[in-house]
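Residue numbers (the working numbering): 331 to 679. Beta carbons are placed, not taken as given, at the ideal position from N, Cα and C, and that holds for glycine. For reference, the structure discussed in these notes is given below.
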Amino acid sequence: MRRRSFLATAGTAATLSVAGCGGASSSGGRTLVVGTYGSFIDSPSSSPGAWLKDRFESEFDARLVWQTPSNEVTHYIERAAAGVDIEADLYMGVGPDDLVLADQELDSALFAPAGGVEGQDAVKDGLDFDPQGRAVPFDTGYISLVFDGTATTAPATFEGLLDSEHAGDLITQNPSSSDTGRAFMLHTIKQYGPDGYLDYWSDLQDNDVRVLGSWSDAYSAWSGGEAPMVVSYSTDQVFADQNDADLEEHQIRFLNDQGYANPEGMAVFEGADTPDLAREFMGFLLRPDIQGEIAVRNVQFPATESAELPEDYAELAQEPPEPVTFGYDELKGSVSGWISDWERQFASN
Numbered sequence: 331m332r333r334r335s336f337l338a339t340a341g342t343a344a345t346l347s348v349a350g351c352g353g354a355s356s357s358g359g360r361t362l363v364v365g366t367y368g369s370f371i372d373s374p375s376s377s378p379g380a381w382l383k384d385r386f387e388s389e390f391d392a393r394l395v396w397q398t399p400s401n402e403v404t405h406y407i408e409r410a411a412a413g414v415d416i417e418a419d420l421y422m423g424v425g426p427d428d429l430v431l432a433d434q435e436l437d438s439a440l441f442a443p444a445g446g447v448e449g450q451d452a453v454k455d456g457l458d459f460d461p462q463g464r465a466v467p468f469d470t471g472y473i474s475l476v477f478d479g480t481a482t483t484a485p486a487t488f489e490g491l492l493d494s495e496h497a498g499d500l501i502t503q504n505p506s507s508s509d510t511g512r513a514f515m516l517h518t519i520k521q522y523g524p525d526g527y528l529d530y531w532s533d534l535q536d537n538d539v540r541v542l543g544s545w546s547d548a549y550s551a552w553s554g555g556e557a558p559m560v561v562s563y564s565t566d567q568v569f570a571d572q573n574d575a576d577l578e579e580h581q582i583r584f585l586n587d588q589g590y591a592n593p594e595g596m597a598v599f600e601g602a603d604t605p606d607l608a609r610e611f612m613g614f615l616l617r618p619d620i621q622g623e624i625a626v627r628n629v630q631f632p633a634t635e636s637a638e639l640p641e642d643y644a645e646l647a648q649e650p651p652e653p654v655t656f657g658y659d660e661l662k663g664s665v666s667g668w669i670s671d672w673e674r675q676f677a678s679n
């Protein structure tokens with residue numbers, strides 16, 4: 331079982347099977363079960379899940395079933411640790427920190443080597459994050475602040491978030507259950523170091539930061555006007571433009587002129603029922619037309635150089651002056667402890 335920050339028991343995944351094209355269920359009997367995070371299927375902005383299901387089932391003799399456990403990839407780590415069947419073939423949304431946690435907490439491999447995936451050679455230089463070749467990136471994003479410019483002006487620096495004028499203004503996510511929240515926590519470690527980030531979070535708590543469970547929880551609360559700033563992604567204006575929203579209400583701020591790079595990978599579970607179909611699906615996701623749709627619908631940057639994007643996408647999707655991130659080797663042996671220390675402090679304050 332997870333020894334530190336994960337739940338004590340393996341939960342049951344919330345499975346969402348989005349309606350596909352008419353003949354999918356009467357296919358040759360192949361079923362692909364894909365785990366992912368909830369907003370990939372049902373987001374307060376937009377989601378690629380239903381579109382991908384329809385498109386995949388229309389081209390392949392197979393049925394696609396989505397699983398969206400509330401604690402994301404942690405759910406599958408817990409199941410593997412408990413000796414329970416994974417009940418999925420592939421996961422979409424794994425990052426380097428997830429791989430480190432899985433490798434640290436489990437005695438055997440959670441994911442299998444990717445092998446030869448069609449289209450993998452088109453992935454942008456610098457996005458590959460798995461030295462063991464299990465995860466293949468399918469999109470990437472940069473963590474930033476999104477703020478309502480009609481209600482406030484976000485500070486330029488991390489220190490500015492501690493000013494009294496921004497008391498209660500920020501909503502973020504729990505780093506033990508949300509990849510977005512974990513990325514923001516890791517960015518604070520980049521800024522203040524392993525010995526200083528907890529002091530910074532203590533100061534954030536003193537300034538009434540709100541920490542919610544998932545990105546969807548946080549973004550929905552921000553959209554509902556509960557606070558003027560939220561930790562999210564620098565592509566937010568893509569979503570705003572799609573929905574004819576006022577861009578002034580969807581402003582982007584890169585704290586200290588930095589954005590934490592958060593590539594998302596896909597990986598086949600060890601012991602998957604349909605590993606060949608899973609790799610076919612991975613190749614499907616790397617096609618130029620599919621890459622463009624994922625980027626637009628998931629409001630992220632594509633993973634490949636060949637993605638087909640709308641002409642105005644580059645104007646709305648903002649990249650930071652200085653991308654920062656931790657690699658797998660930097661996180662190995664550290665990230666679980668950082669999360670546990672954060673949990674203990676946050677609970678005690």
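Classify residue i: buried if its beta carbon has 16 or more other beta carbons within 10 angstroms, exposed otherwise.
| i | result |
| --- | --- |
| A497 | exposed |
| D547 | buried |
| G511 | buried |
| P461 | exposed |
| L577 | exposed |
| P651 | exposed |
| A647 | buried |
| S507 | buried |
| T428 | Rather than Thr, the amino acid found at residue 428 in this sequence is Asp. It is buried - the Cβ of D428 has at least 16 other Cβ atoms within 10 Å. |
| R674 | exposed |
| T480 | exposed |
| A644 | exposed |
List the endpoints of the continuous beta strand (DSSP E) containing residue i.
| i | result |
| --- | --- |
| Y421 | 420 to 424 |
| S474 | 472 to 477 |
| Y658 | Note, Y658: premise wrong, no beta strand (DSSP E); alpha helix (DSSP H) at 658 to 661. |
| I582 | 581 to 583 |
Suppose the cutoff is 7 Å on Cβ atoms and the five residues either side in sequence are ignored; what does the same chain contact list for residue i look like?
| i | result |
| --- | --- |
| P485 | L491, D493, H496 |
| S369 | S377, W545, S546 |
| L457 | P467, T470, P593, A633 |
| S357 | Reliability of the predicted coordinates at S357 is poor, the pLDDT of 49 falling under 50, and no value is obtained from them. |
| N586 | T487, F488, Q521 |
| F614 | F386, I620 |
If you follow the alpha helix (DSSP H) that residue i is part of, which residue opens it and which one closes it?
| i | result |
| --- | --- |
| T510 | 509 to 522 |
| S670 | 665 to 678 |
| A570 | 566 to 572 |
| L500 | Note, L500: premise wrong, no alpha helix (DSSP H); beta strand (DSSP E) at 500 to 503. |
DSSP beta-bridge partners for residue i?
| i | result |
| --- | --- |
| A527 | Per the sequence presented here, residue 527 reads as Tyr, with Ala not at that position. According to DSSP, Y527 bridges with nothing at all. |
| A690 | A question about residue 690 goes unanswered here, because the residues of the chain that appear run from 331 up to 679. |
| Y563 | I473 |
Please work out which residues of its chain come closer than 8 Å, Cβ to Cβ, to residue i, disregarding the five sequence neighbours upstream and downstream, and give them in chain order.
| i | result |
| --- | --- |
| A637 | P618, Q621, G622, A625 |
| D529 | Y522 |
For residue i, collect the residues of the same chain with a Cβ closer than 6 Å to its Cβ; drop the 5 residues on either side in sequence, then sort them by chain order.
| i | result |
| --- | --- |
| F584 | S474, P650 |
| K662 | V430 |
*Only counting runs of 4 or more residues, tell me where the alpha helix (DSSP H) segments fall wholly within the region 397 to 464, in order along the chain.*
Those alpha helix (DSSP H) runs which fall completely within the region 397 to 464 and span 4+ residues are 403 to 411, 426 to 435.
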